[in-house]
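Sequence order for the protein chains is Y and R. Using the UniProt record's numbering, the first residue of the first sequence is number 1, and each one after it goes up by one. Using the UniProt record's numbering, the first residue of the second sequence is number 1, and each one after it goes up by one. Note that beta-carbon positions come from the ideal geometry of N, C-alpha and C, so glycine has one too. Written below as structure tokens is the structure these notes are about.
Number of protein chains: 2
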Amino acid sequence: HAHQPNDVIRTINGVFSRDKVLTIDTMNPTVKNVEYAVRGPIVQRAIQIEKELREGVKKPFTEVIKANIGDAHAMGQQPITFFRQVLALCSYPELLNENMFPEDAKNRARRILQACGGGSVGAYSASQGIDCVRQDVARYIERRDGGVPCDPDNVYLTTGASDGIVTMLKLLVCGEGASRTGVMISIPQYPLYSAALAELGAVQVNYYLNEEKCWSMDLSELERSLAEARKHCNPKALCIINPGNPTGQVQSRQCIEDVIRFAAKERLFLMADEVYQDNVYAEGCQFHSFKKVLFELGPEYSDNVELASFHSTSKCYMGECGFRGGYMEVINMDPEVQAQLSKLVSVRLCPPVPGQALMDLVVNSPQPGEPSHTTFMKERTATLSLLAEKAKLTEQILNTVPGITCNPVQGAMYSFPNISLPEKSIKEAKALGQAPDMFYCMKLLEETGICLVPGSGFGQKDGTYHFRMTILPPTDKLKILLAKVKEFHQKFTQQYS
Amino acid sequence: HAHQPNDVIRTINGVFSRDKVLTIDTMNPTVKNVEYAVRGPIVQRAIQIEKELREGVKKPFTEVIKANIGDAHAMGQQPITFFRQVLALCSYPELLNENMFPEDAKNRARRILQACGGGSVGAYSASQGIDCVRQDVARYIERRDGGVPCDPDNVYLTTGASDGIVTMLKLLVCGEGASRTGVMISIPQYPLYSAALAELGAVQVNYYLNEEKCWSMDLSELERSLAEARKHCNPKALCIINPGNPTGQVQSRQCIEDVIRFAAKERLFLMADEVYQDNVYAEGCQFHSFKKVLFELGPEYSDNVELASFHSTSKCYMGECGFRGGYMEVINMDPEVQAQLSKLVSVRLCPPVPGQALMDLVVNSPQPGEPSHTTFMKERTATLSLLAEKAKLTEQILNTVPGITCNPVQGAMYSFPNISLPEKSIKEAKALGQAPDMFYCMKLLEETGICLVPGSGFGQKDGTYHFRMTILPPTDKLKILLAKVKEFHQKFTQQYS
């Protein structure tokens, strides 16, 4: 409809009426620039189709299979028993008097409750997070990184990793015109980054991952991207997601070292999104934390390079997305800035306490000798092994499809295959004002009920097309999904050739 | 220390060193403008003193009594049994097989779990919140407002009320210079508002509550404030907190009507912070929701005035702050803007699911005939009656102190008494660069261990001084606290006279 000027008063059906105060024309324009493909139009259409199916509308399929989002429990992954026992005990401490829970679960719950105001997870915690949880996080980081020290004062508990990432970007982004803050992000990227940068009005500085070399980072590409950005903005930070989302690669130690040296030389604040740190499947691959490598490079780097690292309860073997737990560690942050960070997080009072409790359990899981250890290890290993199997399966089957090329899913929870699209389909998509891979994914959804996210939602090299699919559906469904994608791709290619 | 230019490289102890990328000079300046007194310097000092006490440092008191924040559980309020039973069941559904929980608790848990992906509170929910929870919220609002219809599509679950308020402000705030968005907030105010406005770079437009008339809103003051603001910015929204924080008043129906007519006439988007809707204690006072009054004014208003109303699990009789549950309802929002709102909330994935579950229980509590109803009502009534008693007690005792004048605590959880400060103390405070009531509260803390928040953290009329104290401490501690405040105030007045 046409937008009326703000002060027009109209009469509709005899009732006095006026235009809105808040309209698409008067609202904050930076919000309009925000996009988030993982929950974008494809997913909205998928939800609509599910409703149509329930209402009896005939479709060429009987259910929607969602592989659009890294939501493990929604795909049938079972929670870790120990974690949920402790959370139940924290929620309803009367259960501490029952004999149904193992002693280690009770002990963890008692310890967490003792650290809560009034012994209740219903009290606000300190804004930075519960003290003892931050201490446990620090010890976890030290173990993970072979003894590199971690100060609990540098650990901030967060509402999922997204919250920490946005908070750090808020501190960094300012300036106008050519001195506007630029933030380097990988392409393809996880769209939280582009969305947050759009909202903050920062300049998004793209560096491209090398698809030919299994989505690795090239130093020359970082240099190109930075040099170009410096012509029109003030690049201050470099974001890395490792293991990669949406691309599923695991960066080598050498690559991480290169990135750190680059950041040091070019004076960039490093942001390392390491939420998939347990999700490493490929042989020869290993997770190296940015912090560990930073300290191995010696004091010239470890005393200087500013780094924020993010983790979460939502991924790895836990998959506890709904609790919105997470933490960030800041390293070499200017003390005055850190005071500002602490003040900033206090405005939102505290991260959800059940999520903090869960984060504690992740970093302080049952130890050998404790009654829950065996079950915990069995569950953890089973989940990670199954994910490794599904990663392999996905890569193998996709690579049997002519016109689809899929890099190994070395880690994380996604494959991001390259799809060849016939010229005719690209033209038809463009005529509809759609990205060609959006056109492809929308057709896939309508014809097969499979919900994937087009590569254009993550960014990709011009002229290339991809989709992101999670490896999370149960194996039988994953096989159906992959078979359907294969069949669809062949049909689609024929149809538009 | 002096701030070096960014590109200076120094050598400290023989190690190559450089200035930080992110310093107090290069960081986002809007973050520096953020202040949040409720967790400000007084509270930080209180935490330090607690530590000193634990370490055996001698003080003229043995414990810190915190009355700085509306954190009921931390002050010993017990959670509602039914809520926690359902939360335990949701966390560890194995408990559904046990005989220890009442059937209504099990039914609620089953219903919530069925609405979760994979039957797990560990799955992401829809970004707007779980469907059935939003439906329950809508029915609750309809009951509360005597049948005024509520569309669940207009309900957004949030991470506490703060999250909803900041999200709405994000949509509203834009423009530069004289067309920069202004947002009207009461003075005194809850500092989330000033903090969010500072962070977004909006113009804070103050209107003063009338302390002489029990902190009521005066139409003439709203008009004055708006007229002045229009000279230098574009005022678009009017925020009201009712029942009031920090001032504890309950607005009359007439006052709300006046505000709505004012907003309609002046074309302002209304934001009603109604998180204390069950916290009404004074005789003759009643909570009137802005939505209900809006609809009672007829279609000229109910079809036009844009309103967002906020609620939370953190206050009322629940006091479940740690779960970060909440909702907002938007009324008469432009559909295009609402689509932008839905997109914006999707970037942060979803509010914490345990908090959503808790919000559901609040709006769908045990009904007559259900096994938990009697206990629930007993617990709810006991908590609210106790708060009413403590509200009265606080007002009465404070008003016995010469130099302290306290309005009735009609609702919410705070008293905000006016304190007369001797000229000499004001001079001494100013010499130290402190607000006079900050000087007073800091001294109170050091000498008595009582932690209150100075009025200057909320805003107040020039030349007046206040503090905010919660009425939440257990009655015996509240009496000690009030006696100590009385004694301190007399001593302080003498000392500086």
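Under 9 Å by beta carbon: chain Y residues contacting R:Met359: Residues of chain Y passing the Cβ test: none, with the nearest at roughly 12 Å.
Does R:Asn107 come out as helix, strand or coil in the three-state DSSP assignment? helix
Can you name the residues of chain R whose CB is closer than 8 Å to the CB of Y:Phe269? Val21, Leu22
Can you look up R:Cys350 in the DSSP assignment and give me helix, strand or coil? coil
Could you name the residues of the same chain whose beta carbon sits closer than 6 Å to that of Y:Ala391, not counting the 5 residues immediately before and after it, in chain order? Tyr281, Val409, Ile471
Can you tell me the Cα-Cα spacing of Y:Ser314 and Y:Asp71, whole angstroms? 8 Å
Compare the beta carbon distance of Y:Phe416 and Y:Trp215 with 9 Å and say whether it is the shorter of the two. yes
Buried or exposed by the 16-neighbour rule on C-beta atoms within 10 Å, applied to Y:Pro351: buried
Can you tell me which of the three DSSP states Y:Gly369 falls into? coil
Taking 8 Å as the line, does the beta carbon of Y:Phe290 fall inside it for any heavy atom of the ligand HEM? Absence of the ligand HEM from the depicted structure is noted, as is the absence of any ligand whatsoever, leaving it without description.
Enclosing beta strand (DSSP E) for R:Ser497 [first to last residue]: No beta strand (DSSP E) holds R:Ser497; DSSP gives it neither H nor E.
Who does Y:Met184 pair with in a DSSP beta bridge? Y:Val205, Y:Leu238
Report the neighbours of Y:Gln85 on chain R: residues whose CB is nearer than 9 Å to its CB, in chain order. Ser91, Tyr92, Glu94
Please list the partners that Y:Lys265 has in chain R, where partner means a Cβ-to-Cβ separation under 8 Å. Ordered by position in chain R, no residue passes the 8 Å Cβ test against Y:Lys265, which lies about 11 Å from the chain.
Chain R partners of Y:Ser162, CB-CB under 9 Å? Val347, Arg348, Leu349
Should R:Gly160 go down as buried or exposed, given a rule of 16 or more other Cβ atoms within 10 Å for buried? buried
With 8 Å as the limit, tell me which residues of the region 146 to 159 of chain R have their beta carbon closer than that to any beta carbon of chain Y; keep them in chain order. Thr159
Do R:Ile404 and R:Ile419 have their C-beta atoms closer together than 9 Å? yes
Within 9 Å (strictly less), CB to CB, does residue 498 of chain Y reach chain R? Here chain Y comprises residues numbered 1 to 497, so residue 498 of chain Y is not present and cannot be evaluated.
Secondary structure at R:Asp273, three-state DSSP: helix, strand or coil? strand
Euclidean distance between Cα positions of R:Ala237 and Y:Ser186: 38 Å
For chain Y, is any of its Cβ atoms less than 9 Å away from the one on R:Ile69? yes
Measuring CB atoms only, is the region 353 to 364 of chain Y touching the region 310 to 328 of chain Y, in the sense that at least three cross pairs come out at less than 8 Å? yes
Of all the alpha helix (DSSP H) runs that stay within the bounds of the region 355 to 419 of chain R, which reach a length of 4 or more residues? 373 to 398
Integer-rounded CB distance, given that R:Ser309 should sit under 8 Å from R:Ala272: 5 Å
Please list the residues of the region 322 to 336 of chain Y that have a C-beta atom closer than 8 Å to any C-beta atom in chain R, keeping them in chain order. Gly322, Phe323, Arg324, Asn332, Met333, Asp334, Glu336
Taking only three categories from DSSP, how would you classify Y:Lys20? coil
Within 9 Å (strictly less), CB to CB, does R:Leu478 reach chain Y? no
Do you know how far the Cα of Y:Glu306 is from the Cα of Y:Asp145? 17 Å
Touch test, the region 224 to 234 of chain R against the region 448 to 464 of chain R, Cβ-Cβ under 8 Å, three pairs minimum: no
Ordered along the chain, which non-local residues of its own chain (more than five positions away) have a Cβ less than 6 Å from that of Y:Val43? Asn68
By the criterion of Cβ-Cβ separation under 9 Å, what are the contact partners of R:Gly201 in chain Y? Within chain Y, no residue comes near R:Gly201; the closest Cβ sits about 10 Å away, beyond 9 Å.
Coil, strand or helix - Y:His73 by DSSP: helix
Chain R residues whose Cβ lies nearer than 9 Å to that of Y:Cys174: Thr26, Met27, Asn28, Pro29, Thr30, Val31
Got a sec, what are the start and stop residues for the beta strand (DSSP E) R:Ile331 sits in? 325 to 331
Chain R contact residues for Y:Leu192, given Cβ-Cβ distances below 8 Å: Val347
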